[in-house]
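In this note's numbering, the protein residues as written are 2 to 706.
We treat Cβ as the ideally placed atom computed from N, Cα and C, and that holds for glycine.
Predicted, not measured: the structure shown is a model, and the values here were computed from it.
Only one structure is covered here, and it is reproduced in the block below.
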């Protein structure tokens with residue numbers, strides 16, 4: 002009797018579990034690390050000058066035997082229509098996978114790091130900061146994203162999915178709390194906090210119970226690295242991913258292990274990692290709560306993180322996310338079972354209408370989207386990274402005649418456009434600006450995945466906290482899901498179309514409201530669209546066939562960013578030569594700094610490789626000594642810095658910094674630098690690979706040198 006009961010229990014367990022085909026993959030998308038402005042803070046002088054953390058694309062494939070979905074989290078500011086188009090085109094034309102990966106089942110989401118090279122979106126407003134389109138950035142992203150998907154495709158195996166959820170309370174704050182307070186009190190009372198504190202984790206486990214990968218969704222801006230940073234970095238979410246991957250892949254170099262961990266973006270629009278809050282830098286006084294301005298001329302309102310500097314703050318926030326993710330990883334709270342389904346449509350928000358119910362008045366009315374435009378408070382920036390000039394957040398009635406003149410010179414908004422965006426005072430009428438080509442996206446991607454009892458929503462922008470909550474509630478109700486957190490928002494997905502606030506938040510025109518480009522009912526339009534998509538998946542509504550597609554402007558883009566001319570080594574020296582050697586002995590926890598004669602990093606991006614290696618001399622079984630790479634330019638402990646030392650003649654040097662620690666064993670070490678020089682000859686220029694190394698040195702715990 003007991004034996005038959007145990008057999009029955011085993012059968013029930015086996016029937017309740019579901020096996021999927023699962024695949025994970027990772028690839029390098031770092032792009033140009035020098036002389037290309039970063040995308041995020043809109044600060045043209047914030048150009049790359051090296052690497053702190055390499056950037057990666059992390060792909061996850063789930064197949065239920067009938068349908069397949071692909072989710073990709075990319076260490077990038079965001080994803081643009083043309084990036085996605087080129088990735089799919091490459092999968093179709095080069096790899097013959099047109100029947101497998103399509104517009105409908107591939108979702109690309111940017112982490113939103115602000116320390117990655119720009120020039121890849123092709124909408125002129127977004128690429129203006131990088132002096133136009135930057136092919137190196139675009140191509141590195143397209144190839145890396147594609148490669149990560151192919152690696153996941155090649156690694157498909159049977160496995161199971163689990164979802165875990167938990168609260169993380171000390172890693173984010175709301176940077177526009179006065180806007181959040183505009184939402185109805187009854188709605189705000191549903192939630193304990195003014196940011197989402199929930200982390201949702203999807204675990205990929207093989208049939209042999211080995212971890213394959215995880216995706217963690219947590220709402221926070223990757224802006225721990227501020228706008229004074231010049232090193233390429235995946236910021237807090239990227240370092241959290243590295244920490245988790247290092248934990249599961251302890252013997253692999255960064256970016257090379259089999260286990261893949263992503264910390265993906267969610268509704269992070271008004272969410273900052275700078276949890277100490279904003280202060281006026283010069284006086285240390287509180288900023289104005291509405292305008293985020295200071296009463297002393299020349300003072301600026303900037304938020305700070307928990308660390309002593311931006312690197313320390315990045316580390317602290319990353320470690321907090323990593324610790325929570327590891328806790329969730331060990332819990333496996335709930336298995337995901339059920340079928341997969343998906344739907345995707347492009348829409349033009351300014352052509353859409355929707356029904357909006359004002360919960361304060363009870364009034365219901367038809368509303369419409371607006372042609373894209375940015376408000377004056379957009380130029381004020383945020384407390385994570387203030388803008389230039391004298392712009393202030395919360396501006397609804399600008400009094401500066403100079404900026405009003407600039408608005409009218411670029412494109413004078415029509416009366417209908419002004420009325421549509423009200424109370425936003427239009428600074429840049431980007432939807433009606435077409436010189437040299439379109440400034441803002443007119444067509445955006447909307448995408449919805451159903452995965453068992455979970456829904457994954459691909460949103461083409463940055464939703465604020467309450468905007469995300471409203472979207473989750475609407476889809477929870479429509480799809481009959483048990484809890485709001487079963488709806489997962491994948492932010493900055495497929496298209497980048499700026500911000501999405503609630504209509505109430507929009508009224509006070511903080512930065513997020515001024516950057517909500519389709520007007521006060523952008524969120525209303527999106528909720529209506531995603532509800533229709535949910536109804537389509539349920540079979541209760543048929544969506545119209547694809548009627549609009551994004552504008553292909555690849556042939557129209559321009560670039561004013563000059564290419565590196567050529568490199569020259571100083572007389573008597575050669576590329577790769579070490580010109581600043583390390584000391585012969587280094588104590589653990591000391592910083593090692595060495596310098597080399599260098600070519601321009603844009604000569605070769607060294608994708609999937611490294612500009613530096615930290616190497617330790619080890620003895621093999623046969624007694625022979627070999628050099629083993631223990632760190633690269635993808636490690637937290639290393640920094641690769643590049644600079645021009647002379648313009649005429651054109652000299653450059655690379656500096657490698659290595660922060661030693663007790664995680665590295667004592668022994669004999671050396672540091673190597675790799676690069677490519679572009680050298681002039683009578684036939685033009687030619688690119689030549691080079692490498693160089695330091696003298697050996699001893700890493701020791703001995704306090705005596």
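Residue i and residue j closer than 8 Å at C-beta
| i | j | result |
| --- | --- | --- |
| residue 117 | residue 39 | yes |
| residue 605 | residue 688 | yes |
| residue 108 | residue 75 | no |
| residue 551 | residue 343 | no |
| residue 29 | residue 469 | no |
| residue 597 | residue 575 | no |
| residue 205 | residue 258 | no |
| residue 237 | residue 322 | yes |
| residue 314 | residue 302 | no |
| residue 555 | residue 217 | no |
Identity of the residue in the options nearest residue i by Cα
| i | options | result |
| --- | --- | --- |
| residue 359 | 213, 394, 185 | 185 |
| residue 51 | 34, 45, 43 | 34 |
| residue 451 | 534, 172, 245, 191 | 534 |
| residue 384 | 276, 351, 137, 695 | 276 |
| residue 591 | 656, 396, 132, 703 | 703 |
| residue 511 | 198, 381, 77 | 381 |
| residue 449 | 263, 544, 299 | 544 |
| residue 164 | 332, 243, 589, 226 | 332 |
| residue 585 | 669, 350, 99 | 669 |
| residue 126 | 181, 398, 375, 566 | 375 |
| residue 170 | 66, 682, 221 | 221 |
| residue 558 | 368, 369, 120 | 120 |
| residue 147 | 131, 191, 61 | 61 |
| residue 31 | 631, 441, 55 | 55 |
| residue 339 | 134, 202, 65 | 65 |
| residue 748 | 46, 101, 262 | Only positions 2 to 706 of the chain appear in the structure, and residue 748 is not among them; the question remains open. |
| residue 295 | 361, 394, 345, 307 | 394 |
Where residue i sits in the DSSP three-state scheme
| i | result |
| --- | --- |
| residue 241 | helix |
| residue 79 | coil |
| residue 198 | coil |
| residue 500 | strand |
| residue 178 | helix |
| residue 375 | strand |
| residue 367 | strand |
| residue 219 | coil |
| residue 265 | strand |
| residue 60 | strand |
Residue(s) in a DSSP beta bridge with residue i
| i | result |
| --- | --- |
| residue 278 | 305 |
| residue 560 | 133 |
| residue 451 | 342, 456 |
| residue 592 | 660 |
| residue 491 | 459 |
| residue 283 | Residue 283 pairs with nothing; no bridge assigned. |
| residue 146 | In DSSP, residue 146 forms no bridge with anything. |
| residue 644 | 654 |
| residue 29 | 57 |
Distance, residue j Cα to residue i Cα
| i | j | result |
| --- | --- | --- |
| residue 489 | residue 581 | 50 Å |
| residue 228 | residue 42 | 6 Å |
| residue 640 | residue 425 | 43 Å |
| residue 600 | residue 676 | 6 Å |
| residue 26 | residue 233 | 22 Å |
| residue 553 | residue 92 | 18 Å |
| residue 447 | residue 57 | 24 Å |
| residue 85 | residue 697 | 46 Å |
| residue 211 | residue 23 | 12 Å |
| residue 195 | residue 656 | 43 Å |
| residue 104 | residue 230 | 36 Å |
| residue 363 | residue 264 | 39 Å |
| residue 49 | residue 115 | 11 Å |
| residue 318 | residue 413 | 44 Å |
| residue 522 | residue 476 | 18 Å |
| residue 453 | residue 336 | 10 Å |
| residue 11 | residue 20 | Reliability of the predicted coordinates at residue 11 is poor, the pLDDT of 40 falling under 50, and the value obtained from them is presented with this limitation in mind. Between residue 11 and residue 20, the C-alpha separation is close to 16 Å. |
| residue 111 | residue 370 | 25 Å |
| residue 268 | residue 461 | 11 Å |
| residue 430 | residue 643 | 38 Å |
| residue 565 | residue 613 | 21 Å |
| residue 695 | residue 458 | 50 Å |
heavy atom of the ligand PLP below 7 Å from residue i C-beta
| i | result |
| --- | --- |
| residue 666 | Among the ligands in the structure shown, none appear at all, so the ligand PLP cannot be discussed. |
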